[in-house]
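A.B. asks: What follows is a structure written as C-alpha cells; I'll ask about it next.
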Amino acid sequence: MAYGLLTGKRGIISGALNESSIAWKIALKAKEEGATFTLTNAPIAMRMGEIKKLAEQTEAEIIPADATSVEDLDNLFIKSQEVLGGKVDFVLHSIGMSPNIRKGRPYTDLNYEWLKQTIDISSVSFHKMLQSAYKLDAISEWGSVVALTYMAAQRTFPFYTDMADAKALLESIARSFGYRYGRHRKVRINTVSQSPTPTTAGSGIGGFDRFFEFADKTAPLGNATADQCADYCITLFSDLTRMVTMQNLFHDGGFSMTGISEEVMELINKEQV
C-alpha cells in the first residue's frame with residue numbers, strides 16, 4: 166500500500182546491484198511512493214549487476230559514478246539536477262566493500278593498502294558525496310541523506326573485521342556533516358543500522374548464515390527484511406521525519422537492545438545436555 170510520502174520529491178539512489186540489494190528495494194519503494202530519481206553505481210559494479218533492469222522498472226536514468234572520485238560525484242549531482250529538473254530532496258548512500266574480507270585476510274593480518282580501499286569506498290565516499298552536494302548546493306532545504314551501516318561500528322563482531330572500522334567512520338561523518346549541513350540548509354543526515362540481511366555483500370561474509378539465525382533468534386521481533394528496511398528509509402526521506410538528524414537508527418527487530426533471548430538460552434542448554 167502506497168501513501169504518497171515522496172510525491173514530487175527527487176532523489177539519487179546509489180548501490181543497487183541486483184534484486185537482493187537493499188538499495189534495489191528502496192528504489193522500488195521510492196517509485197511506489199511517488200518519487201523520481203537517478204540511479205548510480207560504479208562502472209564495474211554495473212557490469213556485474215542488473216541495474217538496467219531496475220532503471221526500466223522505476224523509469225530512472227542511470228548515471229555511472231565511482232564513489233571515490235570527487236569529479237564523478239560532482240558530475241552525478243550536476244547531471245541528476247538536469248535530469249530531474251531541480252535540486253534533489255533525498256540521497257541514499259549504500260556503498261561498501263572490503264578487499265580484506267573478500268580475500269580472507271584476518272583482522273590481525275590486514276593488508277593496509279586494501280584497508281585504505283575499504284575506508285575510501287565504504288566511508289570516505291560518504292564524505293565526498295556530501296561535500297560535492299554541499300559545494301554545488303544540490304540538495305533542497307529540509308532534504309534527507311541516509312547511509313546504510315551495521316552495528317559492528319559499536320559492538321565487536323569478529324567476522325566483520327575492517328568493515329567495522331569503516332562503518333564507525335561512516336557514522337561519525339553523518340554526525341559531523343549532519344551538524345554543518347543542518348545549520349547550512351536544514352539538510353538532515355542519518356545512518357540506518359540494519360539487521361543482517363542476505364544481500365550479495367552480506368552473504369559474502371564468513372559465517373553469515375549462522376549469525377543470521379542467531380540474530381533472528383535474539384531479536385524479539387526477528388530480523389528486519391530488506392523490504393522493511395526500504396519502508397523505514399522512505400520515512401526518513403519523507404517530511405514526516407524533518408527533525409531527525411545526526412542519528413544512527415537501529416532497524417534490527419530489537420537485536421541491538423537484547424542481551425540474550427530465551428531461544429538462544431534454550432539452544433545453549435541443548436548443547437550442554
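For what it's worth, the numbering used here labels the leading residue of the sequence shown as 166, then goes sequentially.
Quick reminder that beta carbons are idealized off the backbone N, C-alpha and C, glycines included.
1. Just list the residues that DSSP pairs N183 with in beta bridges.
2. Could you tell me which residues DSSP puts in a beta bridge with H416?
3. I286 and M262 - do their beta-carbons sit closer together than 7 Å?
4. Could you name the residues that DSSP lists as bridge partners for A150?
5. Keeping to the same chain, check which residues put their C-beta closer than 6 Å to that of G343; ignore five residues upstream and five downstream.
6. Could you check whether A167 and E197 sit closer than 7 Å to each other, using their CB atoms as the reference points?
7. Taking the CB atoms as reference points, tell me whether H292 and I260 lie closer together than 7 Å.
8. Can you say whether S424 is buried or exposed, counting buried as having 16 or more other CB atoms within 10 angstroms of its CB?
9. Going straight from the alpha carbon of L170 to that of P323, what length do you get?
10. If you drop the 5 nearest sequence neighbours on each side, which residues of the same chain put their C-beta closer than 8 Å to that of A453?
11. Is it the case that the Cβ atoms of T223 and A192 are separated by a distance below 7 Å?
12. Does the beta-carbon distance from I304 to V253 come in below 7 Å?
13. Does DSSP put G176 in a helix, in a strand, or in coil?
14. Just to confirm my understanding: we take Y272, look at its own chain, exclude 5 residues before and 5 after, and list those with CB closer than 6 Å. What are they?
15. Is the distance from the Cβ of H349 to the Cβ of A312 below 7 Å?
16. Could you pull the start and end residues of the beta strand (DSSP E) that T326 belongs to?
17. Restricting to runs no shorter than 4 residues, where is the alpha helix (DSSP H) found entirely within the segment 182–222?
18. Kindly indicate the opening and closing residues of the alpha helix (DSSP H) around A295.
19. Report the rounded CA-to-CA distance for G308 versus F255, giving the unit in angstroms.
20. For V253, does the three-state DSSP call read helix, strand or coil?
21. For K194, which of L432, S426, T406, Y397 has the nearest alpha-carbon?
22. Around the C-beta of I433, are 16 or more other C-beta atoms found within 10 angstroms, so that it is buried, or is it exposed?
C.D. replies: Looking at the coordinates:
1. Looking at the DSSP assignment, N183 forms no beta bridge with any residue, so it has no partner.
2. Q359
3. yes
4. The question about residue 150 has no answer, for the chain in this structure spans 166 to 438.
5. I354, T410, M411
6. yes
7. no
8. It should be noted that the sequence gives Gly, not Ser, for residue 424. Exposed: under 16 other Cβ atoms inside 10 Å.
9. 39 Å
10. For residue 453 there is no data in the structure shown, the boundaries of the chain being 166 and 438.
11. yes
12. yes
13. strand
14. T326
15. no
16. Here T326 belongs to no beta strand (DSSP E); instead the alpha helix (DSSP H) covers 326–350.
17. 187–197, 208–213
18. Residue identity differs from the one stated: residue 295 is Leu in this sequence, not Ala. Counting along the chain, the alpha helix (DSSP H) containing L295 begins and ends at 290–301.
19. 6 Å
20. strand
21. Y397
22. exposed
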